[in-house]
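To keep things clear, I will list the structure first and then write my remarks on it.
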Amino acid sequence: MSEPLLRATNLVKEFPVMGTGGLVRPPQRFRAVDDVTFEINAGETLALVGESGSGKSTTARLAARLLDVTSGTVELDGEDVTTLRRSALNRFRSEVQVVFQDPYSSLNPRHTVERIVTAPLVYQGRPVPGGARAFTRSLMERVGLDPDHSQKYPAQFSGGQAQRIGIARALAVGPRVVVCDEAVSALDVSVQAQVINLLRDLQREEGLTYLFIAHDLAVVRQIATRVAVMTQGQIVEEGDRDAVFGAPWHEYTRKLLDAVPRIRPEWERQRRANAARAAAAQSGAQA
Numbered sequence: 001m002s003e004p005l006l007r008a009t010n011l012v013k014e015f016p017v018m019g020t021g022g023l024v025r026p027p028q029r030f031r032a033v034d035d036v037t038f039e040i041n042a043g044e045t046l047a048l049v050g051e052s053g054s055g056k057s058t059t060a061r062l063a064a065r066l067l068d069v070t071s072g073t074v075e076l077d078g079e080d081v082t083t084l085r086r087s088a089l090n091r092f093r094s095e096v097q098v099v100f101q102d103p104y105s106s107l108n109p110r111h112t113v114e115r116i117v118t119a120p121l122v123y124q125g126r127p128v129p130g131g132a133r134a135f136t137r138s139l140m141e142r143v144g145l146d147p148d149h150s151q152k153y154p155a156q157f158s159g160g161q162a163q164r165i166g167i168a169r170a171l172a173v174g175p176r177v178v179v180c181d182e183a184v185s186a187l188d189v190s191v192q193a194q195v196i197n198l199l200r201d202l203q204r205e206e207g208l209t210y211l212f213i214a215h216d217l218a219v220v221r222q223i224a225t226r227v228a229v230m231t232q233g234q235i236v237e238e239g240d241r242d243a244v245f246g247a248p249w250h251e252y253t254r255k256l257l258d259a260v261p262r263i264r265p266e267w268e269r270q271r272r273a274n275a276a277r278a279a280a281a282q283s284g285a286q287a
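All residue numbers in the sequence shown are consecutive under the UniProt record's numbering, ending with 287.
Written out as structure tokens, the structure reads:
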């Protein structure tokens with residue numbers, strides 16, 4: 001088997017607790033990510049799911065080097081990137097990009113779409129292929145936006161359109177891995193479906209690899225290749241999408257799935273029966 005494109009090993013992230021410690025004692029520390037390990041193969045989507053506060057977004061930021069790890073490693077193509085600095089870190093930024101949850105807060109309201117989309121290249125000191133205007137128009141077409149709107153500002157777009165701008169910005173440097181941190185959770189359901197379809201199309205056309213952070217299991221089921229379930233800073237279950245949704249063995253995963261509204265009662269009865277069999281088999285294996 002080929003090596004995974006992105007690998008995280010024993011990731012730990014601790015934050016100091018405000019108001020603790022003093023002149024003699026160090027401050028107490030909160031462990032948001034606790035010994036997390038996962039791998040993503042090229043061209044697939046790993047969905048990291050869990051309730052708010054489970055540590056999934058912090059894990060995503062560690063994988064994208066937006067936060068420094070307390071311990072553990074992140075590897076891209078077998079290279080440890082946890083200690084990269086300056087030019088080496090810029091090269092990593094070209095390989096791994098992020099699409100954030102709130103498009104309006106992640107886009108500079110004073111910049112036009114053209115300036116937003118070309119900014120990653122400018123900051124890295126790279127030329128803009130074909131010129132800023134033509135490059136921006138091309139990217140806007142790829143993400144389903146009117147290229148004639150390249151001189152507009154983020155506030156002039158709807159939420160779904162603004163998120164497409166965020167996706168275009170992420171694509172500008174030609175990344176191989178895109179971290180989608182709750183990228184559709186702030187959007188209406190119908191718009192969510194459109195953005196999910198766009199992400200799937202881009203993955204198929206560009207060969208992109210996704211680390212997809214979400215708490216909405218219905219969304220995860222549409223896009224994920226594999227699913228990792230997090231709670232209290234740890235991954236408690238990981239597997240192929242159909243296996244995790246069809247026959248989850250961990251109690252926390254079953255509780256997450258039980259919280260999803262069901263339209264077809266017979267599907268729910270079958271899922272519960274599959275989950276019960278998987279739990280019984282797991283108990284028998286441990287006995």
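The C-beta atom is built at its ideal place from N, Cα and C for all residues, glycine as well.
- DSSP, reduced to helix, strand and coil, places residue 195 within a helical segment of the structure shown.
- Look at residue 210 here: in three-state DSSP terms it is strand.
- For residue 58, the enclosing alpha helix (DSSP H) starts and ends at 56–63.
- Residue pairing by DSSP places residue 16 opposite 29 in a beta bridge.
- If you check the CB distance, residue 33 and residue 62 come in under 8 Å.
- Around the C-beta of residue 210, 16 or more other C-beta atoms lie within 10 Å, and the residue is accordingly described as buried.
- Note on residue 230: 16 or more other CB atoms within 10 angstroms of its CB, so buried under the neighbour-count rule.
- With 16 or more other Cβ atoms inside 10 Å of its own Cβ, residue 170 counts as buried.
- Residue 131 counts as exposed, since fewer than 16 other C-beta atoms from the protein chains shown sit within 10 angstroms of its C-beta.
- Taking C-beta separations shorter than 6 Å and ignoring five residues to either side along the sequence, the partners of residue 128 in its chain run 118, 121 and 135, following chain order.
- In the displayed model, residue 43 falls within coil according to three-state DSSP, outside both helix and strand.
- Nearest C-alpha to residue 40 among 54, 60 and 31: 60.
- Between residue 72 and the set 57, 19, 48 and 14, the nearest pair of CA atoms involves 14.
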